[in-house]
Structure formats: C-alpha cells, structure tokens
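Right, one structure below, let's go through it.
Residue numbers (my numbering), protein chains in the order written: chain A, 774 to 855; chain B, 62 to 172.
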C-alpha cells in the first residue's frame, strides 16, 4: 500500500499530504481532543440508550399483552398453537 | 406496505433475548470498537457511552427485524396451509403407510 502511494506521488497525481484525490489511508481525520470528555455528547448517548431500553421493554410488554388479548378473543380456533 | 401490519400483533412476540437482537447488538458494539480503532483511541476503554449507545440501537433494531421476519414466515405458512386445505386431492398420502419391512428385500444370511 505504501509503495503504491509512493509510485502515485512520483507520477505527480498525489501530494505528500493526503489532501488530493488519491487518499488511501483510513487514518485521515481532523484534529480531535480526546482528553476532555464531550459531556453533552456523553449525556445524550446515555440518555438515548436508557430511552431505547425503556422503549424496547415497554414495546415487548405491550406486544405480549396484545397477543394474549387476541388469543382470548379468538378462543383457540386454530389447532397449531400451544 | 407497513413494516409491521396490525395482524402481526396476533403472533406471539419474540422473547426479549433473541438471536437477531443479540447479533445486531454485537454488530453495533463492534462498529463502536471499529470507530475507536480508526480514530486511534484505546479500543475497549474509550467511548463507553458510544459502545453502549450503538449496542442498544442494534438490540432495538434487531428486535423489530425479528418481529417482521416472524410475521413474513407466518404469512407464508398461512398461505401454504390454506392452499393445502383447498387442494386435498393433491396432498393425499397413499392408502396406508407402508412398513419398512415390506419395502426391503428378505434377508438371507450367507454364512
């Protein structure tokens, strides 16, 4: 991968800095500061996770109740279910 | 067509712990770990909030997808059984079940 990039640079189609078309590295990012936590992002992420789990559990319980209700209404007409 | 039609609610819902949810939760967690790797952060120790968020998102989406898959399978089964019910002549078994002893040849041991 490095030899190919060097070859492409020699042909003048790519600069040494990965700023033109032939960027082949996965590690090109902007300046990040990972030392200071982005507390807003952390709070949003945890809050969204908690909301997702609550929604999932609530949905599951509603599904179970709706299934039981419909089973009662149907009165076991089908013979395949338990 | 809706993602989950109303009649899908007549099916038993998948358990909270199901294969689709676990797998997609794992996929979400892996994508958080890959994001750590691509941004040159410690893979397991960084961005715990991100790992939890993506895993939870995958778990939730997995549950909905499993529900839809079960509905599609139940729908096909229903149509299949209806077809069998409407065409009994095509699905008759022969007059009586043959025993395996009748199908095999007699055994004459060579000693």
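Every residue gets a Cβ at the ideal spot worked out from N, C-alpha and C, and that includes glycine. None of these values were measured; they are calculated from a predicted model.
- Contact of residue 120 of chain B with chain A by beta-carbon distance below 9 Å involves 825, 826 and 829.
- Here residue 85 of chain B is buried: its Cβ has 16 or more other Cβ atoms, across all protein chains shown, within 10 Å.
- Residue 166 of chain B and residue 159 of chain B have their C-alpha atoms roughly 14 Å apart.
- For residue 62 of chain B, no alpha helix (DSSP H) run applies, since DSSP gives it neither H nor E.
- The C-beta distance from residue 127 of chain B to residue 81 of chain B rounds to 4 Å, short enough to fall under 8 Å.
- DSSP, read as helix, strand or coil, puts residue 104 of chain B in coil.
- Rounded to the nearest whole angstrom, the C-alpha separation of residue 135 of chain B and residue 107 of chain B is 43 Å.
- Counted as a single uninterrupted DSSP element, the stretch harbouring residue 156 of chain B is not any alpha helix (DSSP H), since DSSP gives it neither H nor E.
- Residue 843 of chain A places its beta carbon less than 8 Å from that of residue 70 of chain B.
- Secondary structure at residue 804 of chain A: coil, using DSSP grouped into helix, strand and coil.
- Pairing residue 93 of chain B with residue 76 of chain B, the inter-Cα distance amounts to about 26 Å.
- Chain A has a Cβ within less than 8 Å of the Cβ of residue 74 of chain B.
- Rounded to the nearest angstrom, the Cβ distance from residue 825 of chain A to residue 117 of chain B is 5 Å, consistent with a contact under 8 Å.
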